[in-house]
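Peer 1:
Protein chains: 2
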Amino acid sequence: MKNWDDLRIFRAMAKSRSIRAAAAELKTTHATVSRRVRALEDDLGSALFERRKEGYVLTAFGQSMMDLTQSVTAGVEAIDRLAFGQDGSLAGPVRLSVLEDLYYKVLADPLDSFMRSHPMIELAIETTSNFRDVNRREADVIVRITSDPPEQAVGRKVADSPLAAYCSHGYLRNRPVVDRWIALDYPPTVAPLLNARPAFLANSLTVVADVLRRGQGIGLLPCFMAERDCDLVRLHEVDLIPDKEIWTLTHVDILHNPRVRLLMDHLYHAFSDQRARIEGRAE
Amino acid sequence: MKNWDDLRIFRAMAKSRSIRAAAAELKTTHATVSRRVRALEDDLGSALFERRKEGYVLTAFGQSMMDLTQSVTAGVEAIDRLAFGQDGSLAGPVRLSVLEDLYYKVLADPLDSFMRSHPMIELAIETTSNFRDVNRREADVIVRITSDPPEQAVGRKVADSPLAAYCSHGYLRNRPVVDRWIALDYPPTVAPLLNARPAFLANSLTVVADVLRRGQGIGLLPCFMAERDCDLVRLHEVDLIPDKEIWTLTHVDILHNPRVRLLMDHLYHAFSDQRARIEGRAE
DNA sequence: ACGATGTGGTTAGAATTTGATCCATGAAGA
DNA sequence: TCTTCATGGATCAAATTCTAACCACATCGT
Chain A
1 MKNWDDLRIF RAMAKSRSIR AAAAELKTTH ATVSRRVRAL EDDLGSALFE RRKEGYVLTA
61 FGQSMMDLTQ SVTAGVEAID RLAFGQDGSL AGPVRLSVLE DLYYKVLADP LDSFMRSHPM
121 IELAIETTSN FRDVNRREAD VIVRITSDPP EQAVGRKVAD SPLAAYCSHG YLRNRPVVDR
181 WIALDYPPTV APLLNARPAF LANSLTVVAD VLRRGQGIGL LPCFMAERDC DLVRLHEVDL
241 IPDKEIWTLT HVDILHNPRV RLLMDHLYHA FSDQRARIEG RAE
Chain B
1 MKNWDDLRIF RAMAKSRSIR AAAAELKTTH ATVSRRVRAL EDDLGSALFE RRKEGYVLTA
61 FGQSMMDLTQ SVTAGVEAID RLAFGQDGSL AGPVRLSVLE DLYYKVLADP LDSFMRSHPM
121 IELAIETTSN FRDVNRREAD VIVRITSDPP EQAVGRKVAD SPLAAYCSHG YLRNRPVVDR
181 WIALDYPPTV APLLNARPAF LANSLTVVAD VLRRGQGIGL LPCFMAERDC DLVRLHEVDL
241 IPDKEIWTLT HVDILHNPRV RLLMDHLYHA FSDQRARIEG RAE
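Here it is as structure tokens:
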């Protein structure tokens, strides 16, 4: 292989199946991607993609290539982690991936103080709804809400995240005989313990919380979302429903990087301070 | 990592510990190697080499990097093999690695006819004294004289390569009471079964054969080296000594490449035709 | 039907990388 | 001691690569 870097382009291209999308991911232009892919095909002597009107599709050969490229990618990622872990400086970047709702409800203040305490650290917060993989070093530290923490990562469980039933003050005052059920459609879709009928379905915590605040009905939310929300009231007639756990995770290779260390410790403290509320034991 | 290709440069550099040597291996200039290594160090944030007056020495970090780079390299090599195996064309390159003496004594004519039969194939013969590794794709096909063929490779044992005792006609005519022993110093250094005293030691088959032809004494040679040599006579009072085996090998990934196929078959036939002589059963 | 958007391809000019050359240094040999 | 050789650094012209800007085409929503 003449230029190993072409594998990086090929990989992005195979994933996105589009020259322009790959270019965006690689922070370059589609002309470059096009040229490099062609060069790689020339070098290898066989076509990697079939140019169809629907887009680029991997040939059988391209598929085999992709499989082998995985191992190369894994190696490069291990190298990146090694280099990052090696970096003993307090000045520099750390990337944190966290669910957006968790950021607003739990981590906004602690992270604000973290940045004030360590002004040399460049904290990059990536709030996202889908979870990221620490292995791939898309983030250095991730706060994950999950039932089974992945084995590759290291870190601690910082809290349970049970569900509880909430509604607005207004709804509680004029509560109907048959409750209106505002459901979050991620498993477990708990059958309501109340006398209720489905009224609304959403796949976003934020949306469910908003609908509840508007007095549309009763629904389940993780306690960290609702427990200190003045507009929402918890219905204590419904018990806490154990659900997921909150973990703070990083990769073992970069655990000894001082910036990662500091951020992890800070997060541990932040969750420790708010654990009672997050687990619905406050009030 | 910004540029995966820098790993290729780093690897060459770590192996040769010299900018110029690495540049030669990579078929580029020392200026480029110097720049790329520096860029990689910049990117990773730590020094890979210590610049000493004796040359470049890997730092501890560089050593860890080298370990991880191995896995990347293995992946790229697998890709190269895949691409080569994929290539279904009869026109193109095949590289053969063979011990120089074996080329002259056994393969010169068969390979000549091979090239005449398949003029579109670009045959690259690399004669060498040290053996190459098929895994690394430094050669596509290798003819190896060994006692234990490596497991990764595929191919056949094409002959045994026993040793026999030889001397020149002149030496035989005026043979002394105590023979002069011309020894090849690769194991097994068989103790002479004759009444002989050491007179000469060399590590090259060619040199031993030459000294024997000059009538300097008696020595052991693989039969393929001496059996049809007009200047040498075999001493039948000494039995054949089983030694190594001759294997024709390639990698499973490229076995189905038609050029490799043809070359392997041709080699099989060549050895089959000459097997009696190579194994010392001719006359 | 129409514009808006997204796709990949092409090309000129800009930016970067590369390669040939010269230089200073240090080691090995005569 | 002097010569020779190989090393790495520095420099600047040459080559390559990248970018930005177009183009043609297809799809989608109005």
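Chains as they are written, first to last, in full-length UniProt numbering: chain A, 1 to 283; chain B, 1 to 283. We put the beta carbon where it would ideally sit given N, CA and C, even for glycine.
When the Cα of residue 142/A is compared with those of 15/A, 277/A, 268/A and 11/A, which residue comes out closest?
Peer 2: 268/A
Peer 1: With 9 Å set as the bound, which would you pick, yes or no: does the beta-carbon of residue 13/A sit closer than that to a beta-carbon of chain B?
Peer 2: Closer than 9 Å: no.
Peer 1: Could you check where the alpha helix (DSSP H) with residue 7/A kicks off and where it finishes?
Peer 2: In the DSSP assignment, residue 7/A falls within the unbroken alpha helix (DSSP H) covering 5-16.
Peer 1: Count the other C-beta atoms from every protein chain shown that fall within 10 angstroms of the C-beta of residue 250/A, then say buried if there are 16 or more, exposed otherwise.
Peer 2: By the Cβ-count criterion, residue 250/A is buried, with 16 or more other Cβ atoms from all chains shown falling within 10 Å of its own Cβ.
Peer 1: What residue range is occupied by the uninterrupted beta strand (DSSP E) comprising residue 240/A?
Peer 2: Premise fails: residue 240/A is in no beta strand (DSSP E) and is neither H nor E.
Peer 1: When burial is assigned at 16 or more other CB atoms within 10 Å of the CB, is residue 266/A buried or exposed?
Peer 2: buried
Peer 1: Using a Cβ cut-off of 7 Å, which residues of the region 75-101 of chain A contact any Cβ in chain B, in chain order?
Peer 2: 75, 76, 78, 79, 80, 82, 83, 86 and 87
Peer 1: Out of curiosity, what's the CA-to-CA distance linking residue 188/B and residue 39/B?
Peer 2: Note that residue 188/B scores 49 on pLDDT, short of 50, meaning its location in the model is unreliable; the coordinates nonetheless yield the value given after this. Each residue's Cα considered, the two are about 49 Å apart.
Peer 1: Does the distance from the C-beta atom of residue 159/B to that of residue 36/B stay below 9 Å?
Peer 2: No. Outside cutoff.
Peer 1: So residue 95/B and residue 124/B are supposed to be a Cβ contact under 8 Å. How far apart are they, rounded?
Peer 2: 4 Å
Peer 1: With 16 other CB atoms within 10 Å as the buried threshold, where does residue 167/B fall?
Peer 2: buried
Peer 1: Determine whether the Cβ of residue 188/A lies closer than 9 Å to any Cβ atom of chain B.
Peer 2: In this prediction, residue 188/A scores a pLDDT of 49, lower than 50, which makes its location untrustworthy; no coordinate-derived value is stated.
Peer 1: Could one say the Cβ of residue 1/A lies closer than 9 Å to chain B's Cβ atoms, at least one of them?
Peer 2: yes
Peer 1: Should residue 140/B be flagged as near chain A, meaning a C-beta pair shorter than 9 Å?
Peer 2: Taking Cβ atoms only, chain A never reaches closer than 9 Å to residue 140/B, which makes this a no.
Peer 1: Near residue 82/B, what residues of its chain come up, given a Cβ to Cβ distance below 7 Å and the 5 sequence neighbours on each side ignored?
Peer 2: 253
Peer 1: Under the three-state reduction of DSSP, which class applies to residue 233/A: helix, strand or coil?
Peer 2: Residue 233/A: strand per DSSP, three-state reduction.
Peer 1: What are the partner residues of residue 97/B, as DSSP defines its beta bridges?
Peer 2: 126/B and 142/B
Peer 1: Given this structure, state the Cα-to-Cα distance separating residue 49/A from residue 113/A, to the nearest angstrom.
Peer 2: Approximately 50 Å between the Cα atoms of the pair.
Peer 1: Of the residues that make up the region 45-68 of chain A, which ones have a beta carbon closer than 7 Å to any beta carbon in chain B?
Peer 2: Residues 45, 46, 61, 64, 65 and 68.
Peer 1: So the beta strand (DSSP E) residue 255/A belongs to, where does it begin and stop?
Peer 2: Here residue 255/A belongs to no beta strand (DSSP E), and DSSP marks it neither H nor E.
Peer 1: Going residue by residue through the region 45-72 of chain B, where are the continuous beta strand (DSSP E) segments of at least 3 residues, counting only ones entirely within it?
Peer 2: 49-52 and 55-58
Peer 1: Could you tell me whether the region 21-32 of chain B touches the region 65-73 of chain A, where touching means 3 or more Cβ pairs closer than 8 Å?
Peer 2: no
Peer 1: Quick one: measure Cβ to Cβ for residue 208/A and residue 184/A, integer angstroms, because I've assumed they're closer than 8 Å.
Peer 2: 5 Å
Peer 1: I'd like to know whether the C-beta atoms of residue 165/B and residue 219/B end up nearer to each other than 9 Å.
Peer 2: yes
Peer 1: Round the Cβ separation of residue 182/A and residue 154/A to the nearest angstrom and send it over; I've been treating them as touching at under 8 Å.
Peer 2: 37 Å between Cβ atoms; not a contact.
Peer 1: Out of 217/A, 240/A, 174/A and 103/A, state which residue places its alpha-carbon closest to the alpha-carbon of residue 161/A.
Peer 2: Closest option to residue 161/A, Cα to Cα, is 240/A.
Peer 1: Hey, is residue 43/B's beta-carbon within less than 9 Å of any beta-carbon in chain A?
Peer 2: Using beta-carbon distances, residue 43/B counts as an interface residue toward chain A, with a partner under 9 Å.
Peer 1: To the nearest whole angstrom, what separates the beta carbons of residue 120/A and residue 91/A, a pair I think is in contact under 8 Å?
Peer 2: 4 Å
Peer 1: In this structure, how does DSSP classify residue 159/B when only helix, strand and coil are distinguished?
Peer 2: strand
Peer 1: Between 263/A, 163/A, 108/A and 262/A, which lies nearest to residue 238/A when the distance is taken from Cα to Cα?
Peer 2: 163/A
Peer 1: In angstroms with no decimal places, state the Cα-to-Cα distance between residue 61/B and residue 77/B.
Peer 2: 24 Å
Peer 1: Pick from 279/B, 104/B and 56/B: whose alpha carbon is nearest that of residue 205/B?
Peer 2: 104/B
Peer 1: Note down the Cα distance separating residue 279/B from residue 79/B, rounded to an integer number of angstroms.
Peer 2: 38 Å
Peer 1: Using the Cβ count rule (16 or more neighbours within 10 Å means buried), how would you classify residue 217/A?
Peer 2: buried
Peer 1: Tell me whether residue 75/B is buried or exposed, calling it buried when 16 or more other Cβ atoms sit within 10 Å of its Cβ.
Peer 2: Taking every protein chain shown into account, the CB of residue 75/B has 16 or more other CB atoms within 10 angstroms, so this residue is buried.
Peer 1: Give the straight-line distance between the Cα atoms of residue 235/B and residue 245/B, rounded to the nearest whole angstrom.
Peer 2: If I take the Cα positions, the gap works out to 22 Å.
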